[in-house]
Amino acid sequence: MKPSLIPAEQASRFYRHWLNADREKRESEIQSLIHSPLHRLDLPALLQHEIGNGYSLPRAMRRIRNLLICAIIERDLSGKADLSEVVETMTLFAEFAIRTHLDSLYEELTETHGTPVGAHSGKKQKMIVLGMGKLGGRELNVSSDIDLIFVYPENGETVATRSGQRTLSNQEFFTRLGKRFIKALSEIAEDGFTFRVDMALRPNGASGPLVASIGMVEQYLIVQGREWERYAWIKARAITGDPEDIETLGHIVRPFIYRRYLDFSVIDAIRNLHQQIRADVVRQEKLHPERSNNIKLGRGGIREIEFLAQMFQLIRGGRDPALQDRSTRNTLHILAEKRQLDEKTAEALLNSYTFLRDLEHRIQYLDDAQTHSLPSNEEDLLLVANAMGMHTAAELLETWQKHREFVSGQFDAIFSDKSGSHDQSKAVIPQPLLASQTEEEQIHFLQTKFETLDFQDPESAARRMLAFWKTNRILSLSDNNRAKLISLVNSLLPELRNAHEPLVTLGRLLDFFESIARRTAYLSLLTEYPAAAKRLLHMLDASEWAARYLTRHPILLDELLDARTLMAPPDWSFFTSELDSQLENQRGDTELLMDTLREAHHAQLFRFLAQDLAGGLTVERLADHLSKLADIMVEATLREVWRAMPKRHRDTPRFAVIAYGKLGGKELGYASDLDLIFLYDDDHPDAPMLYTRLAQRFITWMTSPTSAGILFDIDVALRPDGASGLMVSSFESFERYQNESAWAWEHQALTRARFCAGDETIGNRFEALRNRILRQQRPPAWLKEEILKMRQRIHDAHPNHSGLFDLKHDAGGMIDIEFIVQYLVLEYSRQYPELTENFGNIALLKMSEKLGLVPKESGEKVSAIYRLFRKWQHQIRMQGADQAKVKPERATEQSNEVKKLWKQVFGQPSN
């Protein structure tokens, strides 16, 4: 902020009048204050000084207030204080004045009427003064009133502490206290006032009681609390009161403000509130033209920035406590950190907010008036411009207009009404819904509409649509949800022209809508964000599996809002730190922890799904991402389970999770289960019992269905001795088993094993053991025989009578390729240690060709076939098939090439 071009006396008539009343003394007082930040002032010392000079508490507080505001004006206009210092100083002074006056008046009242005591608890009662608005957000203006709500813990009555005291009900006691308190702060006396007090935000407003018990507040918020009150209560902050009572009140208020789900219905509520405020401002400006150009409530003003920040809080604050901050500036910073707002946009909003608040203060400095409008006369407007460091009023107005346009543009991008944005002339579903027609008339009507949309089978589409509208779930919708749903259907149907199979995609879309029809938040999200609705349709069109996944987890709609984050490559450090932060906030509640893990995993998986369907990921790259995601989730789950374990003997378990199979080989798919084993290295006598319990609880956390679904299915069959073996193994027993008792197929499995999570020392020991085992000398004939027997067992377990080629299990398929690689690793890694690196089948095949272990070009060819088969398998499964099978002629050339290499390696054909 530029320093003022004019001195404080010229910029503020209030300052000049205050100074002139006793210039020499007051100039000295100002000079003693302005060389240090004012939010560090010793307010109690200032008060004692004034009281020592013979002033009563109310008058002393008013004198401090005037001195403080003049010091703020001096420091602010000279460039010594920034916005943070100004608002923090005013907030601290307001808190000091509230506590000091309340303590004094409470003491006076108890002297007359005794001490208020709760009828239920028997505890002494203290009044909770809630600071609302900018006081609650610690961003108070210099000439602002203070919005307050008075709450007392519970009903009861005062208990006399001496004879002659007249007892009162707690309600009456605290009502008297509240009235005296307001008078002490706001009554205009010789030195003005300390603060104007506004109580309009209390339950039932001006028609409600001045004070309310915690029980009354709870009843009001549950039964009568309105959407706009959620917005107001975001800022609520207790300035006085007993900590236990404040916590009790917080447990009541937080669920009213913040929903556990993503609450996009608040956009419409805030839009309506904003329209009411704007209408009132316009009405006031017509009645009082001098109040035009309102920089707080007008277009592109302070309130629009506050609404933007608080919209994100109301939508997401219930799921992310970091967003429950009361400060607008802090919230904008947090939104940028959380990547909910683009960093440049957040920074620009902060710059506009700072400019507008600075401008607001300079307007108020003129006469210490609670005004938010630019002066209507040219002289005062020039004074304000000069105080802003600008030479002309035109320069000020131009700068203000730029900020105003930016803020209003950001506001409109979110809050403009999109519900009626589609072409109503092409609506397929009128409102009310075909109520007066017979079923055949309805089908004919719909069929005609689908014909205009160029549907290939309009009759089938019409019947499918009519069946949707006649389901019980849709028929029982509220009018509001029905209207939203009709609007959504009508807006998306024209998009089906571009679908691969319009009728199939229509069915998926209607199935999805049926699953979310009663969830106002999801309907609101898709209504408010048309681009997200179109992305939804494209995903449903692209994949049956994606359609099912979204239907199971509609909360993932949130991920469709921003194409940049949806399509961005994973930032694993950010993902991990964000997950850790969310888990830290939920500790102590097992179900919430499990849901948090599931929701984080589902959200990241969904981003990969969107990128995959858009053609942005190869199968290999996708598998790498999914495997890394699984590693993170395993690590986080293991850590949280151990934290929740009773009687654990150390802070960090000496315990490791080893991944086998697809996770071990980093070839994980969307729905793959995890093949895991558990190792520990701990001499504590209770270690076997504790780590067995840890493994069992870990599996429970992973596999148990919650409201958010499951995390992963877990398979522990590859542990030593399989199903008959122990759940966890000490490292020594695992090593002994691998050296002395393991079957050849278990060493095959070891080729795709790796350390996944837990104790890295155990992990390093496992990797070293794995290398030693894989590099052992083995009789070649015996090894081939063992691998061929295992291949036959798998073949027998998966008979194929379909007449199609099974990409995975049939001869010449993916398992043949995997077995070839495993044989090459077990046979030749003693001679070529690099084969034991966990590079994956494709890289190991190419390496084997370079080492001369397979015929020239066969490694390249078969690795390309493996990649192709994985791609086909992935495409088929994305359309909802459980098994990946193709017409034999489609894969004949490739399967023959695999069979050829199989015979070259093993000396006999694959079955």
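Here the UniProt record's numbering is used: the first residue of the sequence shown is 1, the next is one more, and so on.
The C-beta atom is built at its ideal place from N, Cα and C for all residues, glycine as well.
Simplified DSSP assignment, three categories, for tyrosine 660: strand
For alanine 623, the nearest candidate out of Tyr660, Pro243, Leu679, Lys666 (CA to CA): Lys666
Inter-stretch contact (C-beta, 8 Å, three-pair minimum) for the stretch 257-273 and the stretch 308-316: yes
Proximity test, Cβ basis, 8 Å: isoleucine 73 and chain B: The structure shown contains no chain B, having only a single protein chain.
Straight-line gap, alanine 212 to arginine 202 (C-alpha atoms, nearest Å): 8 Å
Inter-residue spacing [alpha-carbon to alpha-carbon] between serine 56 and alanine 184: Taken atom to atom, the span from the alpha-carbon of serine 56 to that of alanine 184 is near 11 Å.
Cβ pair count under 8 Å reaching 3, the stretch 572-583 against the stretch 539-557: no
Length of the line joining the Cα atoms of proline 278 and methionine 539: Here residue 278 turns out to be arginine, not proline, going by the sequence shown. Rounded to whole angstroms, arginine 278 to methionine 539 spans 39 Å at the Cα level.
Simplified DSSP assignment, three categories, for serine 425: Model confidence at serine 425 stands at a pLDDT of 46, short of 50, so the residue's coordinates are unreliable and nothing is read from them.
Beta carbon of leucine 359 nearer than 8 Å to that of methionine 390: no
Alpha helix (DSSP H) runs wholly inside the stretch 666-736, at least 4 long, in chain order: 687-703
Range covered by the beta strand (DSSP E) that runs through phenylalanine 150: 146-152
Cβ distance (whole Å) where glycine 54 is taken to contact valine 117 below 8 Å: About 37 Å; that fails the 8 Å criterion.
DSSP beta-bridge partners of leucine 130: Ile149, Ala238
Buried/exposed call for lysine 484, threshold 16 Cβ in 10 Å: buried
Range covered by the beta strand (DSSP E) that runs through methionine 211: In the sequence as presented, methionine is not what sits at residue 211; that position holds valine. Run containing valine 211: 211-213, per the beta strand (DSSP E) assignment.
Given aspartate 759 as reference, the closest of Ala636, Tyr823, Asp810 once Cα atoms are compared: Ala636
Extent of the continuous alpha helix (DSSP H) to which residue 949 belongs: Any question about residue 949 goes unanswered here, given that the chain covers just 1 to 911.
Local Cβ density within 10 Å of glutamine 879, reported as buried at 16 or more and exposed below that: exposed
C-alpha gap between serine 425 and arginine 482, whole angstroms: The predicted model places serine 425 with a pLDDT of 46, which falls under 50 and marks its position as unreliable, so this point remains unresolved.
Among Asp806, Arg535, Lys899, nearest to residue 953 - alpha-carbon criterion: Given that the chain is displayed from residue 1 to residue 911, the structure contains no residue 953 and the question cannot be resolved.
Spatially closest choice to leucine 804 from Thr892, Gln792, Leu105, Thr240, by CA coordinates: Thr892
Classification of leucine 374 by the beta-carbon crowding that lies within 10 angstroms, buried from 16 upward: It is buried - the Cβ of leucine 374 has at least 16 other Cβ atoms within 10 Å.
Boundaries (first-last residue) of the beta strand (DSSP E) holding phenylalanine 27: What sits at residue 27 in the sequence shown is glutamate, not phenylalanine. Unbroken run through glutamate 27 is the alpha helix (DSSP H), 23-33; no beta strand (DSSP E).
Whether threonine 165 touches histidine 113 by CB criterion (8 Å): The question names threonine, but residue 165 is glutamine in the sequence shown. It is a contact, given that the beta carbons lie within the stated cut-off.
Beta-carbon gap between leucine 130 and isoleucine 149 smaller than 8 Å: Yes.
Within the stretch 761-806, ranges of the alpha helix (DSSP H) (whole runs, at least 4 residues): 780-797
For asparagine 294, the three-state DSSP class (helix, strand or coil): strand
Inter-residue Cα distance where the pair is glutamate 584 and alanine 757: 19 Å
Buried versus exposed call for arginine 870 [16 or more other C-beta atoms within 10 Å across all chains shown]: buried
Arginine 299 and threonine 194 closer than 8 Å at C-beta: no
Arginine 226 versus valine 489 - alpha carbon distance: 29 Å
Pick from Lys846, Glu827, Tyr866, Gly852 that is closest to aspartate 816, judged by C-alpha positions: Tyr866
Continuous beta strand (DSSP E) assignments of at least 3 residues falling wholly in the stretch 586-628: none
First and last residue of the uninterrupted beta strand (DSSP E) at glycine 118: 115-118
N-terminal and C-terminal residue of the beta strand (DSSP E) that glutamate 157 is part of: 156-159
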